[in-house]
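Read through the structure below, which is laid out as structure tokens, and then see the notes.
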Amino acid sequence: MTSNDAWKRLLDDYEAGRAKPDSLDRLLEWDAQCQLIGDLRGRSVLDVGCGNGSKAVEMAVSGASSVIGIDVAGQFVTPPDGLDVHLHQGDLSELDSHPALIGRRFDVITVLMALGYARDVNATLKAIRGLLQPGGCLVIARAHPIRFAVERAEQQGIPLGEAYHQSTPVTYRAGWNDEVTLTHRAETFATMINDLVGAGFYVDEILEPQLSQEARERYPHKQAWLSRYVGVILLRARLLDECRAPAR
Ligand SMILES: C[S@@+](CC[C@H](N)C(=O)[O-])C[C@H]1O[C@@H](n2cnc3c(N)ncnc32)[C@H](O)[C@@H]1O
């Protein structure tokens with residue numbers, strides 16, 4: 007099964023898992039994503055790999071003037087009346103030719119836990135660069151580079167450093183439905199940053215969110231998972247040619 011077919015099968019289970027009170031998305035990821043996205047009032051947004059589009063709707067409710075969501079699974083919520091939200095089936099490896107994106111530019115582009123599925127991350131990032139309005143920002147959330155290194159080290163009985171530098175894609179049974187197998191790239195910090203710079207971005211903020219004390223006490227199984235696998239990393243990037251020299 008291709009990764010695209012896997013997601014068509016998995017999306018409902020993913021969204022059901024994400025909606026649970028103890029999902030990491032609800033406990034820490036969405037808050038951290040919103041922190042990097044910042045004030046959306048009056049801003050146009052493109053959400054790449056948008057899932058069922060719930061976050062696109064939330065961004066419009068937060069004041070975004072318009073939101074377009076693109077996802078390969080093509081299984082979307084119906085946006086409430088009065089919000090300028092449009093959700094389209096599409097592949098993040100083919101953003102250049104998506105009819106809904108031709109001639110468009112966006113103030114904010116988000117790629118939340120989806121970039122690893124790109125056939126060629128560099129090509130996808132370059133396409134995103136062409137869709138970003140001058141002065142705009144790109145917010146990326148991904149599995150933390152240490153996360154799959156730990157898992158591979160455990161599974162293969164090899165040292166962490168060796169597992170971290172394996173460049174082959176990771177394949178694993180999805181936590182939301184173990185009948186579906188997912189495959190995607192595993193990054194090192196270097197490839198993550200170099201891919202962005204190579205596509206014409208600089209990184210202006212990075213977050214590695216952790217649970218609040220209250221959430222640690224309430225959901226110790228989630229803290230145990232985070233203590234073992236580190237979790238997620240979020241990066242906010244801007245256009246390299248807008249990078250100012252530091253003040254002397
Ligand atoms: C882990 S989910 C994240 C969904 C959403 N961004 C969120 O933060 O809740 C990954 C998403 O990427 C989408 N996806 C996977 N491969 C894709 C592709 N080639 N093109 C577009 N979307 C893709 C999946 O359908 C799924 O909705």
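Start counting the sequence shown at 7; every next residue gets the next number (our numbering).
Even for Gly, the Cβ is constructed at its ideal location relative to N, Cα and C.
Query, Result
"From this set, Ile212, Ala192, Thr187, Ile239, which residue's C-alpha is nearest Val176's C-alpha?", "Ala192"
"Going by C-alpha to C-alpha distance, which of Ser9, Lys14, Leu34 sits closest to Lys228?", "Leu34"
"From the DSSP output, read off the bridge partner residues of Asp77.", "Gln95"
"Considering only DSSP beta bridges, list what Asn183 is partnered with.", "Ala180"
"Label Val203 either buried or exposed according to how many other C-beta atoms from any shown protein chain fall within 10 Å of its C-beta, with 16 as the threshold for buried.", "exposed"
"Does Pro140 come out as helix, strand or coil in the three-state DSSP assignment?", "strand"
"Which of helix, strand or coil does DSSP assign to Val83?", "coil"
"Which one or two residues does DSSP pair with Ile43 in a beta bridge?", "Ile43 pairs with nothing; no bridge assigned."
"Relative to the C-alpha of Glu21, which residue among Ser99, Asn58, Arg111 is closest?", "Asn58"
"Rounded to whole angstroms, what's the CA-CA distance from Ile164 to Arg158? Just pull it up for me.", "8 Å"
"Around the Cβ of Cys143, are there at least 16 other Cβ atoms within 10 angstroms (buried) or fewer (exposed)?", "buried"
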